[in-house]
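A quick write-up on the structure given underneath.
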Amino acid sequence: MKLLRKLLFPFAVLYGLITSVRNFLFDTEILKSTSFDVPVIAVGNLSVGGTGKTPQIEYLIRLLSDKYKIATLSRGYKRQSEGFVLADATSNAAILGDEPFQFYQKFPNIQVAVDANRTNGITQLLSQKEKPQIILLDDAYQHRKVKAGFYILLTSYGDLYADDFMLPTGNLRESRSGANRANVVIVTKCPKDLSVEKQDEIGRKLNLNPSQELYFTFIDYDDFIVGQKEKVTVSEIKNEAKILLAGIAKPTPFFEYLKNETDECLTFPDHHHFSEADIETILEKAQGKKIITTEKDYVRLKDSKLISQLYYLPIKSTFSNSQENFDTSILKHVSDSEKQSFS
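For this note's numbering, count along the sequence shown from 1 and bump the result up by 552.
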């Protein structure tokens, strides 16, 4: 695979040229972006693959939803619906996509919508009777037809965009210079004990503009797994024989947090739609044992025959440094946007 990617280097150069021209056209306003009167905060990345967008969106929801009416807008990757959909009691993971459905289930006091056309999605949200005061755009860093007021760029500790290259040779969707659009860059999935020296080293490598802020976060796993009817401490099940199941981009940390030498780890593609054959295979391998999965996979599996044995491990994004500064930056942007809309 690595050799093939190297052989595809000319296509990576061409792809980089195409995305650079596109960005230039938007930067010079030859191609138009639409702005909106409400604060729009975009969370995304330069690369394909998991950088922890879902935990970061959930962090913002927790930060803002006590004071403001919040809506999330996602593409709804691999959903079995089209156009604009606003989540309601009839929604499920197939209609919304797994991550938006997770938002809807965890945060009943917010609006959750999906639309591949983010401009239309925002317009539809703002036409609702109870329109949101803040819109969080999930995975929309390259969606330049909308001009967000605040951009949060995520990059994984083990796969920094500064060390990467354009698709298909590397994993970048656009060139590294795209990072210049970010107000904030967050290095995600860091070790919990990441030293200040290592943070400084990464900061020098990313070489951000003076106006940009840099933060570091790690994935904080819960002490409990959660099932349909009970919660069980991780310490209780750590040495118990079980099935660990993940259909996410980078499942290794999840497996390592829970597994022992007797466990079987089942890996599926990211955003996998589990077929009846998949369910039967999982049941056969489980043989009555607990099946522990990620929260994102749980929303796709909870209506299946696995439910009596199925548990998920909650996670959240936790800041290694300067959480208060990050919160202040977000709240200040929202406050400033409100003042501008009334002026």
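Glycine included, every Cβ here is placed at the ideal spot set by N, Cα and C.
Check, Outcome
"As assigned by DSSP and simplified to three states, the class of Leu712", "coil"
"Inter-stretch contact (C-beta, 8 Å, three-pair minimum) for the region 690 to 703 and the region 613 to 623", "no"
"CB-CB length for Ala594 against Phe717, believed under 8 Å", "With 8 Å as the limit, Ala594 and Phe717 do not qualify as a contact, their Cβ atoms being about 24 Å apart."
"Sequence ranges, alpha helix (DSSP H) only - wholly within the region 806 to 861, length at least 4", "828 to 838, 847 to 853"
"Sheet register partners of Ser869 (DSSP bridge)", "Ile771"
"Inter-residue Cα distance where the pair is Gln608 and Lys868", "8 Å"
"contact_flag[the region 871 to 881, the region 782 to 790] where n(CB pairs < 8 Å) is 3 or more", "no"
"DSSP three-state assignment for Asn672, whether helix, strand or coil", "helix"
"Within the region 708 to 754, ranges of the beta strand (DSSP E) (whole runs, at least 3 residues)", "736 to 740"
"Distance between Thr580 and Lys842 (C-alpha atoms, nearest Å)", "56 Å"
"Reduced DSSP category for Lys930 - H, G, I as helix; E, B as strand; rest coil", "Because the chain spans 553 through 895 in this model, residue 930 falls outside it and cannot be assessed."
"Whole-angstrom C-beta distance between Ala665 and Ala623, which should lie under 8 Å", "6 Å"
"Contact with chain B by Leu724, beta-carbon distance below 8 Å", "Judged by its chain identifiers, the structure shown contains no chain B, having just a single protein chain."
"8 Å Cβ cutoff met for Gly601 and Asn723", "yes"
"Neighbour-count burial assignment, Gly730, 16 or more Cβ in a 10 Å radius", "buried"
"Presumed contact (8 Å Cβ cut-off) between Leu766 and Ser872, rounded CB distance", "That belief does not hold up - the Cβ atoms of Leu766 and Ser872 are roughly 11 Å apart, past 8 Å."
"Cβ neighbours of Phe779 in the same chain (closer than 7 Å, five flanking residues each side left out)", "First, the amino acid is wrong: residue 779 is Gly here, not Phe. Counting only Cβ-Cβ distances below 7 Å, and skipping sequence neighbours, we find Leu862, Tyr863."
"Three-state secondary structure (DSSP) of Asp879", "helix"
"Residue of Ile834, Pro684, Lys558, Tyr629 minimising C-alpha distance to Val590", "Pro684"
"Simplified DSSP state of Ala623, which is helix, strand or coil", "strand"
"Between the CA atoms of Gln657 and Ile647 - distance to the nearest angstrom", "14 Å"
"Inter-residue Cα distance where the pair is Leu853 and Val573", "42 Å"
"Buried/exposed call for Val748, threshold 16 Cβ in 10 Å", "exposed"
"Status (buried if at least 16 other CB within 10 Å, exposed otherwise) for Ser889", "buried"
"Nearest neighbour of Gln764, chosen from Lys783, Lys750, Asn732 [CA to CA]", "Asn732"
"Closest by C-alpha distance to His823, when choosing among Asn597, Pro660, Ile800, His885", "Ile800"
"Outcome for Arg728 when other beta-carbon atoms lying within 10 angstroms are tallied against a minimum of 16", "buried"
"Buried or exposed (CB count within 10 angstroms, at least 16 for buried), Leu566", "exposed"
"Backbone CA spacing between Leu858 and Glu836 [nearest angstrom]", "11 Å"
"Span separating the alpha-carbon of Thr675 from that of Thr586", "10 Å"
"Opening and closing residue of the beta strand (DSSP E) in which Ile593 lies", "592 to 597"
"Glu765 in three-state terms, based on DSSP", "strand"
"Within 8 Å, strictly: CB atoms of Asp711 and Ser599", "yes"
"Beta-carbon proximity list for Tyr773, same chain, < 7 Å, skipping 5 on both sides", "Tyr809, Leu865, Ile867"
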